[in-house]
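*Asks:* Anchor point for the sequence shown: position 242 equals 367 in the working numbering, and the numbering is continuous, going up by one each time. Glycine included, every Cβ here is placed at the ideal spot set by N, Cα and C. Sending over a structure as structure tokens; questions will come in a sec.
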Amino acid sequence: MARLEGKVAVITGAASGFGAGMAKRFAEEGAKIIVADLNAKGAARIAAEIGEAALPVTADVSMKADVDAMVEAAMQAHGRLDIMVNNAGYTHRNGDMLEVDEETFDLITAVNMKAIYHAALAVVPIMEKQGGGSIITTASTAGLRPRPGLTWYNASKGWAITATKSMAVELAPKNIRVNCLCPVAGETGMLGQFMGEDTPEKRAQFRASIPLGRLSTPLDIANAALWLASSEAEFITGVALEVDGGRCI
126 MARLEGKVAV ITGAASGFGA GMAKRFAEEG AKIIVADLNA KGAARIAAEI
176 GEAALPVTAD VSMKADVDAM VEAAMQAHGR LDIMVNNAGY THRNGDMLEV
226 DEETFDLITA VNMKAIYHAA LAVVPIMEKQ GGGSIITTAS TAGLRPRPGL
276 TWYNASKGWA ITATKSMAVE LAPKNIRVNC LCPVAGETGM LGQFMGEDTP
326 EKRAQFRASI PLGRLSTPLD IANAALWLAS SEAEFITGVA LEVDGGRCI
């Protein structure tokens with residue numbers, strides 16, 4: 126049997142990058158997917174690539190009303206929600222922490238932090254009524270071993286890791302497992318922002334900091350998320366799983 130057979134997963138930021146990788150991988154293992162993203166065309170494209178198992182939903186995760194509507198779409202379509210993946214993220218460009226404007230700072234905290242709160246309010250009561258569930262957040266190695274130049278992004282991911290651990294202990298009696306992924310820089314649309322500039326020299330510099338010698342890929346992250354979401358990880362909660370080629374050692 127496929128590892129997520131009969132499960133329903135909501136994945137935010139699923140129109141590209143790690144989220145799209147997770148949506149496709151989860152569907153391969155039998156899950157029904159809500160492909161949620163602010164990019165409506167991108168979400169529709171990924172859902173079309175997956176097929177009947179996927180439903181695209183346009184959602185701004187910084188807005189509670191959008192998160193509630195996204196979760197309601199899952200319930201209307203499938204009558205249940207087993208896996209919530211908080212994957213949508215935002216960053217400032219690598220550079221001086223004092224040059225990040227307040228609007229950008231507020232957007233980082235809204236997408237990387239407050240969205241987790243919105244999602245918890247929406248999905249925890251549903252999962253509790255069903256007898257359990259799995260919440261997974263895409264954090265970052267930036268929250269464990271920060272790089273210079275990404276201070277406010279790093280801080281938001283450190284918050285996500287702490288929130289994961291606290292949620293895990295509070296929700297354990299409800300049989301709701303809460304974990305997060307800590308990817309190293311990967312082949313996504315935000316890579317140029319993380320590096321400051323996307324040049325062969327910068328890529329070489331980043332690769333040199335990773336013992337296994339390459340950046341992460343959406344499939345790397347999707348496979349890790351798949352394991353955390355599956356029954357194979359039924360005794361795993363409160364973990365910040367490093368998917369980083371050894372970067373945090």
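1) If you draw a straight line from the alpha carbon of Leu340 to that of Ala199, how long is it in whole angstroms?
2) Quick check: Thr234 and Met315, are their CB atoms within less than 8 Å of each other?
3) Am I right that Thr287 and Asn304 are in contact with their C-beta atoms under 8 Å? What's the rounded C-beta distance?
4) Do the stretch 144-153 and the stretch 173-187 make contact, defined as three or more Cβ pairs closer than 8 Å?
5) At a cut-off of 7 Å, would you count Phe360 as near the ligand GDP, judging by its Cβ distance to the nearest heavy atom?
6) What does Thr183 pair with, by DSSP beta-bridge criteria?
7) Check the DSSP bridge columns for Val367 and list the partner residues they point to.
8) Quick check on Ala378: buried or exposed, where buried means 16 or more other Cβ atoms within 10 Å of its Cβ?
9) Tell me the DSSP secondary structure of Ile286 in three-state form.
10) Report the rounded CA-to-CA distance for Glu153 versus Ser281, giving the unit in angstroms.
*Replies:* So, from the listed chains and residues:
1) 33 Å
2) no
3) Incorrect: roughly 13 Å between the Cβ atoms, too far for contact.
4) yes
5) Absent from the structure shown: the ligand GDP. Ligands present: none.
6) Asp162
7) Reading off the sequence, residue 367 comes out as Glu, not Val. The partner list for Glu367 (beta bridge, DSSP) reads Cys307.
8) The structure shown does not extend to residue 378, since the chain is modelled only from 126 through 374, so no value can be given for it.
9) helix
10) 31 Å
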